[in-house]
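Per UniProt numbering, the sequence shown starts with residue 1, numbered consecutively.
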Amino acid sequence: MSRSSTLYRQFFLAEERFLNHPLIPGFEQDVIVDMTQAGMNLAAYYGQQNALRNPLLQELFLRRVFFHLCNSVEDKHQSRVFRRICLDYLHCPLLALKKCYGDNHVSKFLSLKQSLLQLHHSSGL
Numbered sequence: 001m002s003r004s005s006t007l008y009r010q011f012f013l014a015e016e017r018f019l020n021h022p023l024i025p026g027f028e029q030d031v032i033v034d035m036t037q038a039g040m041n042l043a044a045y046y047g048q049q050n051a052l053r054n055p056l057l058q059e060l061f062l063r064r065v066f067f068h069l070c071n072s073v074e075d076k077h078q079s080r081v082f083r084r085i086c087l088d089y090l091h092c093p094l095l096a097l098k099k100c101y102g103d104n105h106v107s108k109f110l111s112l113k114q115s116l117l118q119l120h121h122s123s124g125l
């Protein structure tokens, strides 16, 4: 199995586990970390300085992780612990996106940062 196939498989398995709400209490952090790390690994694969470099796919997977975490923080059907851990891990994809955007797309990063601030204030966590 190629490296990209392994990364995609890990990401989609972790994402499926993250999106299926019935979680066993106590395993929230494992599920969130797995999904976040798998997405970051896949984005890093496309961010390398080689023939496979693809900034659009890199941004796609980072934004996908970021918005999965944001949506979970807003979801009142999730447990407070799950929502709080998601809020704590939002910095991982956000900082990676800041690095990905560099100085060329500051407005995109500022928009994400603003939505995160609004989410933090409206979530009550």
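Just so it is clear, CB atoms sit at the ideal spot from N, CA and C, and this is done for glycine as well.
Along the alpha helix (DSSP H) that carries residue i, what are the first and last residues, could you check?
| i | result |
| --- | --- |
| residue 91 | 91-101 |
Taking the alpha-carbon of residue i as reference, which of the options has the nearest alpha-carbon?
| i | options | result |
| --- | --- | --- |
| residue 77 | 17, 40, 22 | 22 |
| residue 130 | 32, 75, 61, 98 | Since the displayed the chain opens at 1 and closes at 125, residue 130 lies outside it and no answer follows. |
| residue 122 | 112, 74, 26 | 74 |
| residue 37 | 100, 26, 64, 82 | 64 |
| residue 88 | 106, 110, 120 | 120 |
| residue 105 | 50, 59, 82, 84 | 59 |
| residue 83 | 39, 28, 54 | 28 |
| residue 100 | 5, 14, 57 | 57 |
Along the chain, which unbroken stretches of the alpha helix (DSSP H) at least 4 residues long are found entirely within the stretch 4-71? 28-47
Are the stretch 40-59 and the stretch 67-85 in contact at 8 Å, needing three or more beta carbon pairs?
no
Next item on the list: Could you say if the stretch 112-121 and the stretch 89-99 meet the contact criterion of at least three C-beta pairs nearer than 8 Å?
Entry: yes
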